[in-house]
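Everything below concerns the one structure shown next.
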Amino acid sequence: REWSLPVSPLRGRLRARLPCQISVRPLDPQRCPGADRVLVAVTGGGSPERRECVRVEYDEALGQVAIVADEADSQTAVDVRTPVKFDLDIKTSGTGCVKIQKIECDNCRIETEKGTSVLQSIKSHKIDIRTNGGKVIGLGTLYGNTDIQATEKGSVNIEKLQGTSINISTEDGLLKTKYLYAESSCLSSVTGDILLGSIHGNTSLQTTAGSITVDSSDGSLKASTLHGTIDVFVSQLRKVDLKSQKGSITIKVPASLKAYLELSGRKVDVSSEIQLKETQSASKDNHVTISGHMNQGNETDKWIKADAQSGKVCLKSQSWIQSVKLKS
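Following this line, the structure appears as structure tokens:
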């Protein structure tokens with residue numbers, strides 16, 4: 001079944017409530033140069049009757065295209081082509097998957113149960129994604145203020161995030177991104193690991209049992225975990241604050257980094273190639289604290305503090321080139 005609905009190319013909204021998969025992408029500019037249509041095609045499913053369950057309506061006053069199906073077969077697929085600037089409000093049930101490609105809008109809201117959400121090159125003022133056990137996959141760049149929540153074993157794996165504010169949380173699932181550029185980011189998980197590539201800006205990371213790994217941090221970083229380990233390469237910094245109650249902390253820095261350091265744990269190990277000046281060392285209740293200046297004496301706005309209450313703190317020298325080679 002197919003629909004062709006005349007819409008405004010300047011504003012519009014797609015609202016979908018489906019128990020099956022849906023894909024959304026821009027109109028082909030050669031086939032529809034005016035970008036004034038929404039094309040909907042329904043395929044698959046066990047029988048024509050099941051495809052008939054999909055209803056498509058357009059409300060001109062609201063500028064809204066609504067796609068609704070209560071009893072469509074989970075094998076049914078809904079394919080939608082919209083003007084490139086079109087708001088999205090999509091909710092699927094069961095294992096219904098969502099795939100969005102190259103859309104620009106003010107608001108992009110997606111909610112799934114166990115279905116996978118795949119977003120490729122999205123630019124939106126606000127990106128809001130919820131899943132209750134499904135995967136959230138980002139290809140290319142997700143550009144905009146982003147809020148992602150994945151409950152149960154739902155996981156988040158995004159190539160590049162860019163925005164003013166980024167908030168992502170998982171429960172038992174992995175949280176992974178290759179590039180993160182944001183003024184303010186808050187990423188958290190309960191038992192899932194947080195794996196980050198290159199991060200920029202003010203970043204806060206928190207887990208209960210999952211480990212935290214950062215390939216390269218440029219900016220202010222606050223990371224805390226109850227049972228997990230922390231492994232961070234600090235390429236450039238303002239303030240870095242790392243805490244693990246029961247795990248160990250490994251900090252890798254370029255030999256030329258200028259910073260004040262305060263490291264404390266059951267054991268503190270500073271590699272021989274790092275020279276600390278004005279070093280102070282204290283020991284109390286099986287807890288060692290070592291502080292000192294690395295390559296500078298008086299800067300107070302650049303510091304690294306690491307506290308592993310029951311574990312070990314290691315400070316190592318590593319170049320950015322080494323970090324890239326180790327990663328690849």
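Residue numbers (the UniProt record's numbering): 1 to 328.
No residue lacks a Cβ here, since even glycine has one placed at the ideal position from N, Cα and C.
Here the structure is a predicted model, which is why all the values come from computation and not from measurement.
In the DSSP annotation of this structure, the continuous segment of the beta strand (DSSP E) that includes GLN101 starts and ends at 98-101. Leaving aside the five residues that flank ALA66 on each side, the residues in its chain whose CB is nearer than 6 angstroms to its CB run, in chain order, ARG15, GLU57. Ranked by Cα distance from GLY197, the first of MET294, VAL253, VAL232 is VAL232. Per the Cβ contact rule, the region 206-221 is not in contact with the region 275-288 (fewer than 3 Cβ pairs under 8 angstroms). Across the structure, TRP3 and ASP79 are spaced so that their CA atoms are roughly 11 angstroms apart. With distances taken between CA atoms, ASN107 lies nearest to LYS123 out of LYS123, THR95, GLN101.
Counting only the Cα atoms, ARG130 lies some 48 angstroms from THR279. In the three-state scheme derived from DSSP, where H, G and I count as helix and E and B as strand, GLU52 is classed as helix.
About 6 angstroms separates the CB atoms of LEU315 and LEU263; that is less than 8 angstroms, so the two are in contact. For SER8, no beta strand (DSSP E) segment is defined, and its DSSP state is neither H nor E.
Assignment of beta-bridge partners to ASP269 by DSSP yields CYS314.
The alpha-carbon of VAL40 is positioned some 17 angstroms away from that of GLN75. Here DSSP, grouped into helix, strand and coil, assigns GLU57 to strand. Taking the Cα positions, GLN30 is about 31 angstroms away from ASP128. Annotation: the region 70-99 contains the following complete segments of the beta strand (DSSP E) (minimum length 3 residues), in chain order: 77-82, 87-92. For LEU237, the enclosing beta strand (DSSP E) begins and ends at 230-244.
Going by DSSP, THR141 is part of the beta strand (DSSP E) stretching over 135-151.
ARG17 has VAL68, LYS91 as its beta-bridge partners, per DSSP. Taking C-beta separations shorter than 6 angstroms and ignoring five residues to either side along the sequence, the partners of THR191 in its chain run ASP172, ALA209, GLY210, following chain order.
Under the DSSP assignment, LYS176 falls in the beta strand (DSSP E) whose first and last residues are 175-189. Between GLU113 and GLY138, the CB-CB gap reaches or exceeds 8 angstroms. Cβ neighbours of ASN157 within its own chain (closer than 6 angstroms, five residues either side excluded): ILE137, LYS176. A distance below 6 angstroms between beta-carbons, with the five flanking residues on each side excluded, links VAL118 to the following residues of its chain, in chain order: LYS99, ILE137. In the DSSP assignment, ALA259 forms a beta bridge with MET294. Between ASP307 and GLY265, the beta carbon gap of about 7 angstroms places them in contact (Cβ cut-off 8 angstroms). Membership of GLY197 in the beta strand (DSSP E) is indicated by the continuous run 194-207.
One Cα belongs to LYS160, the other to GLY115, and the distance between them is close to 21 angstroms. The bridge partners DSSP lists for THR300 come to none. A Cβ-Cβ contact shorter than 8 angstroms links SER317 with ALA255. With respect to the C-alpha of ILE22, the residue from ILE199, ARG11, GLY96, LEU88 having the closest C-alpha is GLY96. Taking each of PRO33, GLY34, ASP36, GLU52 in turn and checking the Cα distance to VAL42, the smallest one comes out for GLU52. Here the C-alpha atom of VAL234 lies approximately 19 angstroms from the C-alpha atom of LYS277.
Taking the Cα of VAL24 as reference, the smallest distance to any Cα among GLU71, LEU187, ILE90 is reached at ILE90.
SER283 is bridged by DSSP to VAL288.
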